[in-house]
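Written below as structure tokens is the structure these notes are about.
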Amino acid sequence: MIRATTPTFIFRLPIDCLKITKAEVTFAQSGENKLTKLKEDCPMDDKKLAVTLSQEETLLFSDRSEIKIQLRVLTSDDKVFASQVFSVPVIDTLSEEVLRNDI
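So, in structure tokens, the structure goes:
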């Protein structure tokens, strides 16, 4: 993941997303949870859940390290599923300016 960008992470699930009542995607670095995205932040379709980080959110992470990412969901029948923990390298950017389109 490159800092100051807007990466999208996609999770392919073994269940239909219609069964999901709660979801959280946790992003941690150096043993500290830095960011959590909830169900309302995650577009879902069939058996796929996506989460996109903002430029500001990616700047929360230090470069030359890695982040760990995990998805946990609660289903309508009270079952909880968790993904494996994924490790993603953090790559620095030469400019930390948040880019915006003019209105």
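The opening residue of the sequence shown carries number 9 in the numbering used here; numbering runs sequentially from there. For every residue, glycine included, the Cβ atom is placed at its ideal position computed from N, Cα and C. Because the structure is a prediction, the values reported are computed rather than measured.
Tell me, to the nearest whole angstrom, how far the beta carbon of V98 is from that of E65; I am working on the premise that it is less than 8 Å. For the purposes of this step, residue 98 is taken as the residue at position 90 of the sequence shown. For the purposes of this step, residue 65 is taken as the residue at position 57 of the sequence shown. Going by Cβ atoms, the distance from V98 to E65 rounds to 12 Å, so no, they are not a contact pair.
Simplified DSSP assignment, three categories, for L26: As a working note, residue 26 is residue 18 in the sequence shown. Here L26 sits in helix by DSSP.
Among E104, S103, D110 and F89, whose alpha-carbon lies nearest the alpha-carbon of R20? Within the sequence shown, residue 20 is the residue found at index 12, counting from 1. That would be F89, whose Cα lies nearest to the Cα of R20.
For T83 and Q63, the rounded distance between their alpha carbons: Taking the sequence shown and counting its residues from 1, one reaches residue 63 at position 55. Taking the sequence shown and counting its residues from 1, one reaches residue 83 at position 75. Rounded to whole angstroms, Q63 and T83 show a C-alpha spacing of 31 Å.
For E32, the three-state DSSP class (helix, strand or coil): Residue numbering aside, residue 32 sits at position 24 when the sequence shown is read from its first letter. The DSSP-derived three-state label of E32 is strand.
Just how far apart, CA to CA, sit M52 and E105? One-based indexing of the sequence shown puts residue 52 at position 44. One-based indexing of the sequence shown puts residue 105 at position 97. Approximately 30 Å between the Cα atoms of the pair.
Cβ neighbours of V96 in the same chain (closer than 7 Å, five flanking residues each side left out): If you number the sequence shown from 1, residue 96 lands on position 88. Taken in chain order, the residues that qualify are M9, E74, I75 and I77.
Beta carbon of K30, beta carbon of A36: below 8 Å? Locating residue 30 in the sequence shown gives position 22, where the first residue counts as 1. Locating residue 36 in the sequence shown gives position 28, where the first residue counts as 1. No, the Cβ-Cβ distance between K30 and A36 is not below 8 Å.
Can you list, in chain order, the residues of its chain whose CB lies under 7 Å from that of E48, leaving out five sequence neighbours each side? Position 40 of the sequence shown, counted from the first residue, corresponds to residue 48. The beta carbon of E48 is closer than 7 Å to none in its chain, skipping five residues each way along the sequence.
Nearest to T16 by CA position, among I23, F94, A58 and E32, is which residue? The residue you call residue 16 lines up with position 8 of the sequence shown. Measuring from the Cα of T16, the nearest candidate turns out to be A58.
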